[in-house]
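Worksheet: one structure, shown below.
4 protein chains.
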Amino acid sequence: MSERIRVAVLGAAGRMGQTVVRAVQEAPDLELVAAVDADADLSVVVDAGAQVAVDFTVPSATEGNVHALVDAGVHLVVGTTGWDDESLARVRDHLADRPGVGVLVAPNFALGAVLAMAFAARAARWFESVEVIELHHPDKVDAPSGTAHHTATAIAAARAAAALGPVPDATTQALDGARGADVEGVRVHSVRLRGLVAHEEILLGNAGEQLTIRHDSFDRVSFMPGVLLAVRQVGSRPGLTVGLEQLLDLA
Amino acid sequence: MSERIRVAVLGAAGRMGQTVVRAVQEAPDLELVAAVDADADLSVVVDAGAQVAVDFTVPSATEGNVHALVDAGVHLVVGTTGWDDESLARVRDHLADRPGVGVLVAPNFALGAVLAMAFAARAARWFESVEVIELHHPDKVDAPSGTAHHTATAIAAARAAAALGPVPDATTQALDGARGADVEGVRVHSVRLRGLVAHEEILLGNAGEQLTIRHDSFDRVSFMPGVLLAVRQVGSRPGLTVGLEQLLDLA
Amino acid sequence: MSERIRVAVLGAAGRMGQTVVRAVQEAPDLELVAAVDADADLSVVVDAGAQVAVDFTVPSATEGNVHALVDAGVHLVVGTTGWDDESLARVRDHLADRPGVGVLVAPNFALGAVLAMAFAARAARWFESVEVIELHHPDKVDAPSGTAHHTATAIAAARAAAALGPVPDATTQALDGARGADVEGVRVHSVRLRGLVAHEEILLGNAGEQLTIRHDSFDRVSFMPGVLLAVRQVGSRPGLTVGLEQLLDLA
Amino acid sequence: MSERIRVAVLGAAGRMGQTVVRAVQEAPDLELVAAVDADADLSVVVDAGAQVAVDFTVPSATEGNVHALVDAGVHLVVGTTGWDDESLARVRDHLADRPGVGVLVAPNFALGAVLAMAFAARAARWFESVEVIELHHPDKVDAPSGTAHHTATAIAAARAAAALGPVPDATTQALDGARGADVEGVRVHSVRLRGLVAHEEILLGNAGEQLTIRHDSFDRVSFMPGVLLAVRQVGSRPGLTVGLEQLLDLA
């Protein structure tokens, strides 16, 4: 019988952390060996013999956690926000000295959201028009959402690579804001509605046809299949992997 | 056997006019007795014995047409744009002197669009949040569409009448335009996409639920059932009627 | 200052009952005076001076509860399932002897679901085609849902009243089940999907246009505005009222 | 300056053929050298020096056309229906003797429809639940549509390859047809509605999330970008290619 993977959860008291703890406990092929707070001493994790650590802590702690555990030979799955090109580069450099250790950093673990974004980017070059609508609960403070911004940027890059020009738009008279935000030439609309959680819709149009890709996130349990997939695969993916889509066999 | 209603079409050479001519010809209970250009001499219409005239001409001609035909005792169904409170008031005054003559002026003859707007206005008082998305082909020059603007205004009036406060919205950081246009406190988003014709979606939200009302207009034939309904009813509705919804038995 | 309405909850230990208890406690104009189990002795409710009782118990208990509390002069809001024409008639008869007492029985307290159904019934006579899609979580045992069945029946009645014939359908070769269930001539399709809660979509079509009315229920908190509305109004509506739509000023 | 590709259209009098003729005439990099009826003598095509022939003829003619033009060294883009594994195998064999000649046979040239199907098949393994809804005008005689059937089959194959079991479904009481048609374990629902053309929606669900992929086809002009893409690429793809998705760089 195959051994269970020994897993630690960092930030185990947070909302995402608690959900990850439960998901690991319920997975028959995983064993929870440590569950620690965001600011905990990581020697607990190492002493517990964790093979993989899942980090849902805070931006100020996550990079330190990663370097410390890479030094200890522990693989990492990181969902904490705040990573940028420089901090990712420092991890990549560090991993060059630690062959065999894998780190996966992903801004989004909802499989459906990651697939929606990947499909939108692949479809973009085949359509004359494209716009993005994201819909969230009205307590959200930023607009558009990070996911929608990221999606629009990926679409814009795909259009540029295919040498498509700007999308057609004859608008000459508009109320302020009617046409949405302009993210690298892609219009993004943010709806805020009581009752919603987190939703994104990408609309692509050609003469005579429309392709719509929509993701609805109703609950943070939707992140768990992605987190567990990453936990299971990160040990066999040495080096730095950015984005869950790398694990989804989309080719 | 009942007599057929004798119908004239004004603006018969235009795109809407041509469609109305065909629809009248195909209706077994209607008889086309005149089809004239937008700038035609209306004595043709009167001499042909028209009981009802349908006006899809141009803003500069429509008010003159209406007053001339009201004098001649011809009922009117008017789909031409450009009417405002003053011009409508002049028709109402004129009709006070011509009891028995009916005039119906409607900005939209698509039954579905009219119903969508009426339902949105009735539902609005029961929901904490509401937003409007309209989607059109990219050759449209104005944003938002007249229909969406009208819908938002009706929703705002219904909310005010129910003493609802502003919709909840915690947004503090937004890209310019992300949250749409503000029409009397109702956010309206305008999508422009090749392949689309004219579409409107009203989203209403409460804790735990969402109500969505959507209308898709694919072709101007969708206006014909509304035009024919008006032609059949205008003779039994003396005075001025504004809006097709008055004919739809929504109570 | 106006007095708060004194409210009892029957079936307070059930999932709906618990949610109602919380909602009443949080409403500033309501006072929770009793919260009892489905099989409790109702003298507690009467002794507590309840003016309105909310019944979310079980089919075997609800009719007895209603008659007992009507005798005691307590108004009732009933969300328990299992009522039919005969049991409703018995309540109506009883109330004829108790002028001033009001009972509201409703199969659905989600405002959006009730509005969707009412709008679909009103729109139906204006469209050549109509179909219903309902979507639920895959643990549901019956298909179609009661709400969808009820919606289809109301649509069929509206079509019959308008003397519309059968919907157009040229299908001659179909896989078993492809065209859905036939509910009095209206096709109803039941989708079962992990992640969903309870959703209904009514599609209405004419040449060149489509009207879609959709309700999404994400959580049972969505029933609370409807329950509280009924609690506030039932005291001023003597006799039997069936259906929340009677309270929604839809005319 | 690069030479224009010399194109012939077979079945040029049919509805699709006429649309292809116009599209080729309007494309600056293509030259229409022949446009012939479905039963025409193909020597005209060869004599006109066609490099690529587009076949939208009839099932009884298309296979003969392909073999005759392969013999003449003309590349083919085939949209006619009626091809099966045996007839495709005969073309593959024939092309083995004619290196350098390319034939592309595709059941669907709408880029959006092809992408929707490809994305659905790739996403399927990551979701617990999946169902397909297709919606068409009510004059369609078969249900479900060929596209929906094909989509469901591809999804079923992807689920089987990932060793997913059956979709969850607790239904024990259902009206006949409510749960749709069963296509290799995937439920498919067929809606027929006046006003619609051809639409397909794939719903995928996990706990807490839903991914929806939808394609709307409003007009047969939507097939033209796919046809022209095939015309431009078939000359550099010797042998038999089945399905437009092979040309879309989806990896």
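Protein chains in written order, with UniProt numbering: chain A, 1 to 251; chain B, 1 to 251; chain C, 1 to 251; chain D, 1 to 251.
For each residue, glycine too, the CB sits at the ideal point set by N, CA and C.
Remember, predicted model here, so these are calculated numbers, not experimental data.
So is residue i buried or exposed if we call it buried at 16+ other beta carbons inside 10 Å?
| i | result |
| --- | --- |
| D/V141 | exposed |
| B/D214 | Per the sequence presented here, residue 214 of chain B reads as Arg, with Asp not at that position. Buried is the call here. |
| B/M1 | With a pLDDT of 49 at B/M1, under the threshold of 50, the modelled position of that residue is not reliable, and the figure given next carries that caveat. Exposed, by the Cβ-count rule. |
| D/T81 | exposed |
| residue 339 of chain D | Chain D is shown from 1 up to 251; residue 339 of chain D falls before or after that span and cannot be answered. |
| D/D216 | buried |
| residue 274 of chain A | The displayed coordinates of chain A run from 1 to 251. Any statement about residue 274 of chain A would go beyond what the structure contains. |
| C/S236 | exposed |
| B/L247 | buried |
| D/D55 | buried |
| C/T172 | exposed |
| D/R159 | buried |
| B/G17 | buried |
| D/S60 | exposed |
| C/G146 | exposed |
| A/E86 | exposed |
Does the beta carbon of residue i sit closer than 8 Å to a beta carbon anywhere in chain C?
| i | result |
| --- | --- |
| B/I213 | yes |
| D/G180 | yes |
| residue 253 of chain B | In this structure chain B extends from 1 to 251, so residue 253 of chain B is not present and cannot be described. |
| B/R122 | yes |
Which residue wins for smallest C-alpha separation from residue i, given the options the options?
| i | options | result |
| --- | --- | --- |
| D/A170 | C/T212, C/A181, C/R187, C/V191 | C/V191 |
| A/I133 | A/G165, A/W126, A/R125, A/P144 | A/P144 |
| A/M117 | D/V114, D/M117, D/A123, D/A113 | D/A123 |
| A/D139 | A/G195, A/G112, A/A157, A/V24 | A/G195 |
| D/L211 | D/E201, D/V114, D/L111, D/Q51 | D/E201 |
| A/A178 | B/V188, B/L175, B/A174 | B/V188 |
| B/V183 | B/L175, B/P166, B/V231 | B/P166 |
| D/A230 | D/H67, D/R15, D/G11, D/L30 | D/L30 |
| A/V114 | A/I5, A/S222, A/R4 | A/S222 |
| D/A68 | D/A40, D/D84, D/P28, D/Q233 | D/A40 |
| B/P99 | B/L240, B/L250, B/L193 | B/L240 |
| D/E63 | D/V24, D/G79, D/A50 | D/G79 |
At a CB-CB cut-off below 9 Å, which residues of chain A make contact with residue i?
| i | result |
| --- | --- |
| D/S217 | G208, E209, Q210 |
| B/P138 | E128, S129, V167, P168, D169, A170, T171, G205 |
| B/I133 | I133, H189, V191 |
Going by the beta-carbon positions, is the gap between residue i and residue j smaller than 8 Å?
| i | j | result |
| --- | --- | --- |
| B/A48 | B/A8 | yes |
| B/V33 | B/A72 | no |
| B/V101 | B/P225 | no |
| A/V70 | A/L95 | yes |
| C/L244 | C/N65 | no |
| B/E209 | C/G112 | yes |
| D/A162 | D/V186 | no |
| A/T153 | A/A120 | no |
| D/L203 | D/E131 | yes |
| B/D180 | A/G180 | Sequence inspection shows Gly at residue 180 of chain B; the Asp mentioned does not correspond to that position. Going by C-beta atoms, B/G180 is nearer than 8 Å to A/G180. |
| C/L10 | C/A53 | yes |
| B/L135 | B/V234 | no |
| D/T57 | D/A27 | no |
At a Cβ threshold of 8 Å, is residue i touching chain D?
| i | result |
| --- | --- |
| A/A161 | no |
| A/A230 | no |
Whose Cβ in chain C lies nearer than 9 Å to the Cβ of residue i?
| i | result |
| --- | --- |
| D/V188 | L175, G177, A178 |
Using a Cβ cut-off of 7 Å, pull out every chain D residue sitting near residue i, in sequence order please.
| i | result |
| --- | --- |
| A/F119 | F119 |
| C/G205 | L193, R194, G195, L196 |
| A/R116 | According to the sequence shown, residue 116 of chain A is Ala rather than Arg. In chain order: L211. |
Run through chain C and tell me which residues come within less than 7 Å of residue i, C-beta to C-beta.
| i | result |
| --- | --- |
| residue 254 of chain D | Past the edges of chain D, shown from 1 to 251, lies residue 254 of chain D, and the structure says nothing about it. |
Consider the Cβ of residue i: report whether some Cβ of chain A lies at a distance smaller than 8 Å.
| i | result |
| --- | --- |
| D/V70 | no |
| D/G112 | yes |
Taking residue i as the query, report the chain B residues whose CB atoms sit under 9 Å from its CB, ordered along the chain.
| i | result |
| --- | --- |
| C/R15 | Neighbours of C/R15 on chain B: none; closest Cβ ~13 Å, over 9 Å. |
Between residue i and chain B, is there a C-beta pair that is closer than 8 Å?
| i | result |
| --- | --- |
| C/S145 | no |
Is residue i near the ligand GDP, with its Cβ less than 7 Å from a heavy atom?
| i | result |
| --- | --- |
| B/A13 | Absence of the ligand GDP is noted for the structure shown, with no ligands found whatsoever. |
Output, in chain order, the set of chain C residues within a Cβ distance shorter than 8 Å of residue i.
| i | result |
| --- | --- |
| B/P222 | Looking at the sequence provided, one finds Ser at residue 222 of chain B rather than Pro. Those within 8 Å of B/S222 in chain C are N206, A207, G208, E209. |
Using a cut-off of 7 Å between C-beta atoms, extract the partners of residue i located in chain A.
| i | result |
| --- | --- |
| D/P225 | N206 |
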